[in-house]
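Chemist: First residue of the sequence shown: 10, per the working numbering; consecutive thereafter.
Just so you know, even glycine gets a beta-carbon here, dropped at the ideal spot from N, CA and C.
Treat the numbers as computed from the prediction; the structure is a model and nothing was measured.
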Amino acid sequence: MTALRQVRRAACGVAAVLLAGLSPGTQAAVSSVRPAAAVTECLGYYTVGLPGEFEYALMDNFSQGLGAWSSEIRLNLRGLEPQQLSVSQSSGVAELEGQMEAMNRERKKEMDELRSNLSETDRPLLRKTYADQLAGLHLFSPVAGHNAISRIENDRLAVRALVNGHILSTELKSQGAPEQTLDGFLSHYKPRALGEVPSGPGVCVPFGLFSGEQQPATVGLNIRLKDQPDIVVFLLARDAAKDAPDDPRKLFDGLTPVSTFFGSKKVIPLHRIKPLQPIKIDGNEGLGSFVRVTRTAVLDQSRAFNNAAENDQDWGYFAYIPGLVGGKPGDSFNLVFKVERFGRFAKRPMSESEFRELTLRIAASIKRRPGAWVGN
10 MTALRQVRRA
20 ACGVAAVLLA
30 GLSPGTQAAV
40 SSVRPAAAVT
50 ECLGYYTVGL
60 PGEFEYALMD
70 NFSQGLGAWS
80 SEIRLNLRGL
90 EPQQLSVSQS
100 SGVAELEGQM
110 EAMNRERKKE
120 MDELRSNLSE
130 TDRPLLRKTY
140 ADQLAGLHLF
150 SPVAGHNAIS
160 RIENDRLAVR
170 ALVNGHILST
180 ELKSQGAPEQ
190 TLDGFLSHYK
200 PRALGEVPSG
210 PGVCVPFGLF
220 SGEQQPATVG
230 LNIRLKDQPD
240 IVVFLLARDA
250 AKDAPDDPRK
260 LFDGLTPVST
270 FFGSKKVIPL
280 HRIKPLQPIK
290 IDGNEGLGSF
300 VRVTRTAVLD
310 QSRAFNNAAE
320 NDQDWGYFAY
330 IPGLVGGKPG
340 DSFNLVFKVE
350 RFGRFAKRPM
360 SESEFRELTL
370 RIAASIKRRP
380 GAWVGN
């Protein structure tokens, strides 16, 4: 499932019981929260305050509490076609070479099967089909002058480049030799340390900054707190000029909540009568809900995400904050904000009030980075 579909499902995943409203006491609690962060990270065109050290959850699937949702990084850089980017955890040449060997091994199996099919048939149409398919398959090979590999994939160049200890993976329109194509892409990139907030324009990705966008980027990433490894924070920002904002009440209405929270089989709003609560992030108003999540049991305990210590139950929060309608590209963004607790990985217990306070503090800290988007 693509990240886009996952976000759509998640945005649609809060039940019809999440209707509307907020008690005066909770409104006061929201308005009284002030960001008090030990670390500020740059994420897309925003900054987010976190209570301590953190790590990005960059895997597509859940592993050791990291990948609650898939990452989504979509760039549209000047002089290049739009591309989707993925970033690895810390890696080295050995990991890159291992990836090339593994992917080439699988690709050779595909090629051998097509050659076998081609040799076994005398039907002209089938022979042409197999021959065309075979001609479209290529192997990864090293890119000259770089710690990188590439192969042609559907008339584009699939590239994996080791940059500053992380593997950047994307597909690019060929601009000559692979090294020239990669150089053109990396000319937009500057390495960045975690917690380093740039002062100039550009879109922050894990461990880096891309600048020179033709259109605003889409960035959605998971962050896990190192001192509280049970807490995973997700923030997604999409340009409101391109992705028309939804009415939060319509978005939440008439749907089931199970797909919103990873591995859940039951989700109960903490506010039963008026479960949807107003929330403001970076000046824009939206709706969200605190919930109690019951997760499914997992047989493979090495990959378990349920909280057996509390009858498989955890805390969760989901909110959608629409941007402003009718603006220019980059004027405003639609935000999806989610916080999940995976109690299996907790260093200490957490009460409902502690989860609420942490969530609201993080939400209150989210700000648009001044000068991040300057237009084309």
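Using the beta-carbon count (16 or more within 10 Å), is residue 222 buried or exposed?
Modeler: buried
Chemist: Let's test the definition: count the other Cβ atoms within 10 Å of the Cβ of residue 339 and tell me whether it reaches 16, buried, or not, exposed.
Modeler: buried
Chemist: Could you name the residues of the same chain whose beta carbon sits closer than 6 Å to that of residue 321, not counting the 5 residues immediately before and after it, in chain order?
Modeler: 303, 304, 315
Chemist: Kindly indicate which three-state DSSP category residue 64 falls into: helix, strand or coil?
Modeler: strand
Chemist: Identify, in the order they occur along the chain, each residue of the same chain with its Cβ nearer than 7 Å to the Cβ of residue 146, setting aside the five sequence neighbours on each side.
Modeler: The residues 116, 119, 120, in chain order, have a CB closer than 7 Å to that of residue 146 in the same chain once the five nearest residues on each side in sequence are set aside.
Chemist: So, using beta-carbon positions, are residue 156 and residue 206 closer together than 7 Å?
Modeler: no
Chemist: When the Cα atoms are used, what is the spatial distance from residue 62 to residue 96?
Modeler: 19 Å
Chemist: Just the C-alpha distance for residue 349 and residue 272, rounded to the nearest angstrom, thanks.
Modeler: 11 Å
Chemist: By the three-class DSSP mapping on this structure, what secondary structure does residue 254 have?
Modeler: DSSP, read as helix, strand or coil, puts residue 254 in coil.
Chemist: Please classify residue 374: is it buried, with 16 or more other beta-carbons within 10 angstroms of its beta-carbon, or exposed?
Modeler: buried
Chemist: Give the secondary structure of residue 31 by DSSP, where H, G and I count as helix, E and B as strand, and everything else as coil.
Modeler: Because the pLDDT of residue 31 is 37, which lies under 50, any placement of that residue in the model is unreliable, and the number read from its coordinates should be weighed accordingly. Note: residue 31 maps to coil in three-state DSSP.
Chemist: What does the alpha-carbon distance come out to for the pair residue 255 and residue 284?
Modeler: Cα to Cα, residue 255 sits roughly 19 Å from residue 284.
Chemist: For the 8 Å Cβ check, are there 3 or more pairs between the segment 222 to 232 and the segment 79 to 87?
Modeler: yes
Chemist: Can you check the segment 123 to 207 for any alpha helix (DSSP H) of at least 4 residues that lies completely inside it and give the ranges in chain order?
Modeler: 133 to 144, 187 to 195
Chemist: Report all residues from its chain with a CB closer than 7 Å to the CB of residue 364; omit the five preceding and five following residues, and keep chain order.
Modeler: 324, 350
Chemist: Quick one: Cα of residue 44 to Cα of residue 65, how far?
Modeler: Caution applies to residue 44, whose pLDDT of 42 falls short of 50 and renders its modelled position unreliable; the model cannot decide the point.
Chemist: Can you check whether the CB of residue 201 is closer than 7 Å to the CB of residue 217?
Modeler: Less than 7 Å divides the Cβ of residue 217 from the Cβ of residue 201.
Chemist: Using the Cα positions of residue 356 and residue 317, report the straight-line distance between them to the nearest angstrom.
Modeler: 14 Å
Chemist: Hey, would you say the C-beta of residue 331 is under 6 Å away from at least one heavy atom of the ligand GTP?
Modeler: In terms of ligand content, the structure shown is empty, and the ligand GTP therefore cannot be addressed.
Chemist: In chain order, what are the residue ranges of uninterrupted beta strand (DSSP E) at least 3 long that sit wholly in the segment 266 to 323?
Modeler: Whole beta strand (DSSP E) segments, 3+ residues: 273 to 278, 286 to 290, 293 to 304.
Chemist: Mind the definition here: the segment 243 to 255 touches the segment 324 to 338 only if three or more C-beta pairs lie below 8 Å; say whether that holds.
Modeler: yes
Chemist: Excluding sequence positions up to five away, which residues of its chain have a Cβ less than 8 Å from the Cβ of residue 353?
Modeler: 74, 239, 313, 314, 315, 316, 317, 318
Chemist: Would you kindly work out how many angstroms separate the C-alpha atoms of residue 282 and residue 372, rounded to a whole number?
Modeler: 23 Å
Chemist: Sorted by chain position, which residues of the same chain lie with C-beta nearer than 6 Å to residue 366's C-beta, five sequence neighbours on each side aside?
Modeler: Counting only Cβ-Cβ distances below 6 Å, and skipping sequence neighbours, we find nothing.
Chemist: Whose C-beta lies closer than 6 Å to the C-beta of residue 87 among residues of the same chain, with five residues either side of it excluded?
Modeler: 221, 223
Chemist: Report the CB separation of residue 180 from residue 162 in whole angstroms; it is logged as a contact under 8 Å.
Modeler: 6 Å
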